[in-house]
Amino acid sequence: MKRRRYDIDFAQIMPILVATMFAAVLTLLLTLGIQRAAQLQSASGALQLASELRSLPQYFATELTLVQRGLESRTFVGEPIDDIATARDGFDKALARIDRDLEAAGLGGNAEIQRIRGALDAAWQRYSPLLVATGRHKGTPYADTLTGSRLNSTGRALKADVDEALAQQEAATRDVGGALKDLATGLQNAVGDRGRSLRTFLVIGAAVAALLLALMLYFSLRSRRAAADARRAERQVADILGTVREGLFLLDRNLALGAVHSASLTRILHTEVVHGSSFEELLRPLVPAKTLATAMKFVNLLWKEKVHEDLIDTVNPLSQIEVQFSRAGSGAESRHLSFAFKRVKSAGGQGEHLLGIVTDVTDRVQIARELEQSKADNLAQLDLVMQLLQVPGAQLQAFVRDSDMALRKGNAILKQPGREESELRSKLNGVFREVHTIKGEAGGLGLGSVAARVHQLEESLAALRERKTLDGNDFIPIVVKLDELMSYLGGVGQFADRLAEVQPKGDTLKSVVPPLLANQVLEASEPPLEQLLAQVVSETASAEAKRVTLKCRGLDAIPAPYRRAAKDILIHMARNAVVHGIEAPDARLAASKPDTAQVRVSFEATGNDGYVLTVEDDGQGLPFERILDTALRKGLVSPADAARMERPAVYGLIFRPGFSTAEQVTEHAGRGVGLDSVSQTVRSLGGSIGIATTDGKFTRFRMKLPLPGGKLTATHAA
Amino acid sequence: MSLQSEIGTFVAAVLNYFDTAVQQAAVVGTPYLALGKPPEVFDYTGMIRISGKRKGVVYFTAPKGMLSVMLMRMQETDMSDANLRDLVGEVANTLSGNARKDFGRNFIISTPSVVAGSSTTIGYSPDTRPIVVPIDWRAYHANLVVCLN
Amino acid sequence: MNAARPHRLMIVDDSNIMRRKIERSQELPNVEIVGSAGNGREALELHASSHPTLVTMDLTMPEMDGIECVEQLVGRDPDIRILVISALADKATAIEALEKGASGFLCKPFTERQLNDALVKLIEG
Numbered sequence: 001m002k003r004r005r006y007d008i009d010f011a012q013i014m015p016i017l018v019a020t021m022f023a024a025v026l027t028l029l030l031t032l033g034i035q036r037a038a039q040l041q042s043a044s045g046a047l048q049l050a051s052e053l054r055s056l057p058q059y060f061a062t063e064l065t066l067v068q069r070g071l072e073s074r075t076f077v078g079e080p081i082d083d084i085a086t087a088r089d090g091f092d093k094a095l096a097r098i099d100r101d102l103e104a105a106g107l108g109g110n111a112e113i114q115r116i117r118g119a120l121d122a123a124w125q126r127y128s129p130l131l132v133a134t135g136r137h138k139g140t141p142y143a144d145t146l147t148g149s150r151l152n153s154t155g156r157a158l159k160a161d162v163d164e165a166l167a168q169q170e171a172a173t174r175d176v177g178g179a180l181k182d183l184a185t186g187l188q189n190a191v192g193d194r195g196r197s198l199r200t201f202l203v204i205g206a207a208v209a210a211l212l213l214a215l216m217l218y219f220s221l222r223s224r225r226a227a228a229d230a231r232r233a234e235r236q237v238a239d240i241l242g243t244v245r246e247g248l249f250l251l252d253r254n255l256a257l258g259a260v261h262s263a264s265l266t267r268i269l270h271t272e273v274v275h276g277s278s279f280e281e282l283l284r285p286l287v288p289a290k291t292l293a294t295a296m297k298f299v300n301l302l303w304k305e306k307v308h309e310d311l312i313d314t315v316n317p318l319s320q321i322e323v324q325f326s327r328a329g330s331g332a333e334s335r336h337l338s339f340a341f342k343r344v345k346s347a348g349g350q351g352e353h354l355l356g357i358v359t360d361v362t363d364r365v366q367i368a369r370e371l372e373q374s375k376a377d378n379l380a381q382l383d384l385v386m387q388l389l390q391v392p393g394a395q396l397q398a399f400v401r402d403s404d405m406a407l408r409k410g411n412a413i414l415k416q417p418g419r420e421e422s423e424l425r426s427k428l429n430g431v432f433r434e435v436h437t438i439k440g441e442a443g444g445l446g447l448g449s450v451a452a453r454v455h456q457l458e459e460s461l462a463a464l465r466e467r468k469t470l471d472g473n474d475f476i477p478i479v480v481k482l483d484e485l486m487s488y489l490g491g492v493g494q495f496a497d498r499l500a501e502v503q504p505k506g507d508t509l510k511s512v513v514p515p516l517l518a519n520q521v522l523e524a525s526e527p528p529l530e531q532l533l534a535q536v537v538s539e540t541a542s543a544e545a546k547r548v549t550l551k552c553r554g555l556d557a558i559p560a561p562y563r564r565a566a567k568d569i570l571i572h573m574a575r576n577a578v579v580h581g582i583e584a585p586d587a588r589l590a591a592s593k594p595d596t597a598q599v600r601v602s603f604e605a606t607g608n609d610g611y612v613l614t615v616e617d618d619g620q621g622l623p624f625e626r627i628l629d630t631a632l633r634k635g636l637v638s639p640a641d642a643a644r645m646e647r648p649a650v651y652g653l654i655f656r657p658g659f660s661t662a663e664q665v666t667e668h669a670g671r672g673v674g675l676d677s678v679s680q681t682v683r684s685l686g687g688s689i690g691i692a693t694t695d696g697k698f699t700r701f702r703m704k705l706p707l708p709g710g711k712l713t714a715t716h717a718a
Numbered sequence: 719m720s721l722q723s724e725i726g727t728f729v730a731a732v733l734n735y736f737d738t739a740v741q742q743a744a745v746v747g748t749p750y751l752a753l754g755k756p757p758e759v760f761d762y763t764g765m766i767r768i769s770g771k772r773k774g775v776v777y778f779t780a781p782k783g784m785l786s787v788m789l790m791r792m793q794e795t796d797m798s799d800a801n802l803r804d805l806v807g808e809v810a811n812t813l814s815g816n817a818r819k820d821f822g823r824n825f826i827i828s829t830p831s832v833v834a835g836s837s838t839t840i841g842y843s844p845d846t847r848p849i850v851v852p853i854d855w856r857a858y859h860a861n862l863v864v865c866l867n
Numbered sequence: 868m869n870a871a872r873p874h875r876l877m878i879v880d881d882s883n884i885m886r887r888k889i890e891r892s893q894e895l896p897n898v899e900i901v902g903s904a905g906n907g908r909e910a911l912e913l914h915a916s917s918h919p920t921l922v923t924m925d926l927t928m929p930e931m932d933g934i935e936c937v938e939q940l941v942g943r944d945p946d947i948r949i950l951v952i953s954a955l956a957d958k959a960t961a962i963e964a965l966e967k968g969a970s971g972f973l974c975k976p977f978t979e980r981q982l983n984d985a986l987v988k989l990i991e992g
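Protein chains in written order, with this note's numbering: chain A, 1 to 718; chain B, 719 to 867; chain C, 868 to 992.
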């Protein structure tokens, strides 16, 4: 980690360092170069002077000779003498300039040059006074005589000086010229050295500058590439965030949302996600307050160094949540979301962020549910088949018919126009009653799977009952389940029809199912009849808000061949007694009867002819007029017949198929569900049914059954 | 999506239409199954057909009087047959729109069509039971029928 | 202390079956089981005598429940590493234990593999 950080800093500093060095080197190079060039120029100046001076000794010699000759020929010699003085003065000045140049060229300290310079000076100092001497004579050097001019004293002194100078001339020329030549040579060497060193210096400097420039270019390219890389990386990150299906976001220590998040996040959460806003506020509209509090605690755990993030996955309260998104105009939509959190370790080694990942798992959850459902369905189907095989085909058909009728009745209740709250409640109760009846019958027949299925609808109805307010919308689940149940029972009905074809009448499918298995299932699944009836009665009574006690007698004595049939008949009749025979508690009290009604069921042997199965209630009795009305309305009897019919015949109508139909929706309209199937069952056993009833007092059904194996003709005895 | 929530979507769409376009709420009656005979068809019917994961037909059927009053509420003075068709088609449009939005790719939803006349029969698969959702508005009575398998 | 087994594990669970299951399942070579406790109070006593470095902790126990026990153990030894093992009826309770200083959570029922994986993570920190 440390090393990496160093690298980063180094890379950042390097370009700056190189640029600074480049500027420094360039400045140094220019300064030194200019200085060296100036020195070189000075040295060249000195060299040039020295070269120029080399001709002077010869000049002096010429001038001196001119003076000498002039003196001999008595001509004017002032001009050459002045020239000598001027040239000598020039020499002095030139020497001074050479000294200045040498100093400027930095050769002031050069031993060789100074030695040569010293020699030059010495030679010149020897020579110069001679020249000075020639200039010291004033006045004309001649004296005119008759024989011509002759040298006067001045002339003679001048001639002596000139002669002396010329006598020294050779040595002076040699010495001064030699010294000047040496100086020129020395200077030439020095200039050459200086030039070379300047060149070398410039070359090296240029090389260093070029190197630095190259480095600068390199770093600038590198940083540009780095910038390009960074831009590309940024674009790629943006692409990823724009494309990824998961909602990705970052949280800081205050659980505030980071600057970037994936585009999916807003789609999944159905809300804009604002940088810096708190995660808690983002969640608040989605989850219940309690879950929210737990979730915030959970997320904060991830900051705890001590907590291992892999070991707390399972307690994540947001790992699967169901949320409701309200949408304009179309109610609410339920989605399943899954949140996961990961610590993000940054370069510094500290967990500086939490990465939040939210996924819409609705499809996954639904598939899982459907799988579970289909698994359960398969098991239920197997169960169902096993259960169906235990019931005689005809009975099963009757059950399906009755159930279908009850469902139609329920549906007809829904179809009624009432929209008021109270009407909706009474519809709910009506449907509940119908459904509950089916459930009881299914239970009575040992069709647990069917009963469970019906129970689901009953549960939905019960849930609606708990609602404080009701409207039509609330019934949508009911009608959908009703539809499903009809389809389901349709399937059972088809099975029952097939079963009825292959089964001998009144028998279960023992010939199809191995007897042992059938018996085992039978034994295992059958509670005592008395208990079953008590359950049916109590459930029906509570659904009907009635008070009923059940008294049973002799049911243990029912011979085996009749047990199944007796059970079906009794369940049917007992429920009918509670639903239709017995009045509501307040009605009973109003009629001076105890509010708790009685249903009595008994089975007894009647000597040699067989048995009597009795179901009796102390309710309101059979409503004669209403039965007749219904039968007329249904076209079961003609008005002419109706006028002639005796009471027993009228009561007999309730056993007629089609008497109870889906249109009979009110509680007291008829004797209810499927008495025809009871009658059919009794007749299929070779028995008969008798009715005794008194208005406001009681209704009693007596079912006579022959001895098993014996034959009685099927008749209706009133 | 379950049939239940699909029906919910359609009902919500119709109610929303009354709330927003007609500016007077309608009331949903208790839904029921049309057993035995096809559900009642009123004077004008706007329908969409659905195929894909579920198949079938969804339609809104209303009597002429209701549609006329709806038009009045919408400041419309022209009560011509064409306008009444338009209105019922408009309702079917919202059904279609919501279905597209909510059901997604698993469904193919036809463009809405309109039929007039209460004697028309609307075809649906015989092994489905249409679910009828009564829609009451003022003194009028219309039906939303969902018939999907 | 045993140099070969530097990590000392204490099992806290009121169920004998669960304690034995953890004892049997634990198969990390560098972990020594120093003892089991059936409730929080026993766990504190055992901690005082055998100084465990790792703890598996049930939450619902008689006498002193797991959350209080976690709090006390962490109070005595801030470096102790505690794995809460519980049937996850209530996530909020598990989170509370983690807030009090436990390091991780393992859901009952678990496999041997899951237990060992969790212990490895617990040791690694």
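Glycine included, every Cβ here is placed at the ideal spot set by N, Cα and C.
Exposure of P288 of chain A is indicated by the presence of fewer than 16 other C-beta atoms within 10 angstroms of its C-beta. When DSSP states are grouped into helix, strand and coil, I990 of chain C belongs to the helix group.
Taking all protein chains in view, the Cβ of K546 of chain A is crowded by 16 or more other Cβ atoms within 10 Å, so the residue is classified as buried. In this structure, the CA atom of G815 of chain B is about 15 angstroms from the CA atom of T738 of chain B.
Put simply, the backbone Cα of N429 of chain A is about 38 angstroms away from that of Y611 of chain A. Of the candidates C:L895, C:I947, C:M885, C:P896, the residue whose Cα lies closest to the Cα of S903 of chain C is C:M885. Inside the region 913-941 of chain C, DSSP marks whole beta strand (DSSP E) runs of 3 or more residues at positions 921-924, from first to last along the chain. When the Cα atoms are used, N473 of chain A and T727 of chain B turn out to be separated by approximately 11 angstroms. Closest in C-alpha terms to L26 of chain A, from the list A:F60, A:L355, A:T65, A:A210, comes A:A210. Under a criterion of Cβ atoms nearer than 7 angstroms, the residues of chain C adjacent to I312 of chain A are, in order, L965, G971, F972. Chain B places a beta carbon closer than 8 angstroms to that of I476 of chain A, counting this residue as a contact. Per DSSP, the beta bridge partners of N861 of chain B are B:T779, B:P852.
The beta carbon of R772 of chain B sits no closer than 8 angstroms to any beta carbon of chain A. When Cβ-Cβ separations below 8 angstroms define contact, D854 of chain B makes contact with chain A.
In this structure, DSSP gives P706 of chain A an extended state, which the three-state scheme calls strand. Around F298 of chain A, the same chain offers V315, N316, P317 as residues with beta carbons nearer than 7 angstroms, after the five sequence neighbours per side are excluded. When the beta-carbon positions are compared, F603 of chain A and A574 of chain A stay at least 8 angstroms from each other. At least one C-beta of chain A is nearer than 8 angstroms to the C-beta of I962 of chain C. The beta-carbon of L337 of chain A is placed no less than 8 angstroms from the nearest beta-carbon of chain C. Within its own chain, the residues whose Cβ lies closer than 7 angstroms to the Cβ of H270 of chain A, once the five positions on either side in sequence are excluded, are F325, listed in chain order.
The DSSP-derived three-state label of R335 of chain A is strand. Against M386 of chain A, chain B offers no close residue; the least beta-carbon distance is about 27 angstroms (beta-carbon pairs closer than 8 angstroms).
Secondary structure of R498 of chain A (DSSP, three-state): helix. V400 of chain A has its alpha-carbon roughly 10 angstroms from the corresponding atom of D497 of chain A. In the pairwise beta carbon analysis, the region 434-445 of chain A is classified as touching the region 557-571 of chain A: at least three pairs are separated by under 8 angstroms. Between V599 of chain A and V537 of chain A, the gap from beta carbon to beta carbon is short of 8 angstroms. S953 of chain C is bridged by DSSP to C:C974. By the C-beta density criterion, M792 of chain B is exposed, having fewer than 16 other C-beta atoms within 10 angstroms.
The beta carbons of L384 of chain A and V450 of chain A sit about 7 angstroms from each other, so the pair counts as a contact at 8 angstroms. Counting every other CB atom within 10 Å of its CB across the protein chains shown gives T699 of chain A a total of 16 or more, marking it as buried. For L876 of chain C, no Cβ of chain A is located within less than 8 angstroms of the residue's own Cβ.
Contact annotation, V863 of chain B with V787 of chain B: C-beta distance approximately 21 angstroms; criterion of less than 8 angstroms not satisfied. Under a criterion of Cβ atoms nearer than 7 angstroms, no residue of chain A is adjacent to I768 of chain B; the nearest Cβ is some 16 angstroms distant. Any Cβ of chain A closer than 8 angstroms to the Cβ of K988 of chain C would place that residue at the interface, and such an atom is present. Closest in C-alpha terms to Y651 of chain A, from the list A:G635, A:L628, A:D641, A:P639, comes A:L628.
Residue pairing of E322 of chain A in beta bridges, as defined by DSSP: A:H336.
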